Each structure stands twice: as C-alpha cells, then as structure tokens.
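K.L.:
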Amino acid sequence: MHGNNVYALIAQEKKMPDDTAKITIRLRIIDYYILTGKYDSASAEINETRALSKKINNVYGLAAAICYKAIIQYNQSKYDNSIASLDSAQSLFVSIKNATGEIKAINHKAKALAALDRYKEALELLALAET
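So the number in the working numbering is just where the residue sits in the sequence shown, counting from 1, plus 210.
In structure tokens form, the structure reads like this:
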C-alpha cells in the first residue's frame, strides 16, 4: 500500500456507517503503519480498533488487533509481552474457530520464543500447530 492510499483508507473509514467495515479498514491501516515502522500511529489505531471491536462484539477484530499489538512488541524486542499478547489473540481466534488467525498467532509466538533462545518450546509449538 502506498502512503497516499492510507490517507484514502482513513477518509473512507470515517464515512463508513458499518462498524464491521470500519474494523476491516482499520486493520489494513494498522498493517501499513507497522510495515512502515510507524508504531505510534499503529498503536493508536490498535487501541481504537480494540475499543470498537469490543463495543460491537467483533471477536475477530479484537483478536487481529491484539495480534498486531504483539507484532509491534516483538519488533521492539519486548518478547515476553509479545508472547502474552499472542496467547490472548490465539485464544480469541480459537473461540471463533478461525484457524488462519490461530496459525498466525502460533507462528509469531514461535518467533518470539526463538528470540528468547527458547528454541525447543518454539519447535514444539510449531509441531503442535501441524496437527
């Protein structure tokens, strides 16, 4: 996504009457901010997305926002925090039977475990995910 496109998404999100669509757009905006290293902007969007997701009981939006929070924590070398966030995201993805989200959380958690030199746990986690 090009920088100008994120501004178009932000403008589009503000006009949306449907909160579920707003969450979808916000998640794309968060992705852009993380990819460009704008963690403060991403964190602000994550907080708003989490609040909106809770308000309308959108478990997927909440889980995805928490997963993005964990990615930022990982990128900032806050591996233990990242693991805790990923545990929460994974539980939420499991609760809505979203296998793709669950696997994403597991993969990121394995990366964080490896960053802490906890390779055995990371490998065991990935092996469990294969079953």
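We put the CB at the ideal spot given by N, CA and C, even for glycine. Source: prediction; values computed, not measured.
Tell me whether I266 sits in a helix, a strand or coil according to DSSP, three-state version.
P.N.:
Three-state DSSP puts I266 in coil, outside helix and strand.
K.L.:
Alpha helix (DSSP H) containing K319: first to last residue?
P.N.:
Here the alpha helix (DSSP H) through K319 covers 309 to 325.
K.L.:
If you draw a straight line from the alpha carbon of L302 to that of A315, how long is it in whole angstroms?
P.N.:
Using only the alpha carbons, I get a separation of about 10 Å.
K.L.:
So for T195, helix, strand or coil by DSSP?
P.N.:
The first residue shown for the chain is 211 and the last is 341, placing residue 195 beyond what the model contains.
K.L.:
Is it right to say E255 is buried, meaning 16 or more other beta carbons lie within 10 angstroms of its own, or is it exposed?
P.N.:
Looking at its Cβ environment, which holds 16 or more other Cβ atoms inside 10 Å, E255 is buried.
K.L.:
Cβ atoms of A273 and A299: under 9 Å apart, would you say?
P.N.:
It is a contact, given that the beta carbons lie within the stated cut-off.
K.L.:
Tell me whether the beta-carbon of K319 lies closer than 9 Å to the beta-carbon of A309.
P.N.:
Going by C-beta atoms, K319 is not nearer than 9 Å to A309.
K.L.:
Tell me which same chain residues have a C-beta within less than 8 Å of the C-beta of A325, skipping the five on either side of it?
P.N.:
So the qualifying residues of the chain are Y284, S287, Y289.
K.L.:
Please name the residue in L335, S251, E312, D228 whose C-alpha comes closest to that of L262.
P.N.:
Closest option to L262, Cα to Cα, is D228.
K.L.:
Ignore the nearest five residues each way along the sequence and tell me which others in A275's own chain have a CB closer than 6 Å to its CB.
P.N.:
Closer than 6 Å at Cβ, skipping near neighbours: I256, T259, R260.
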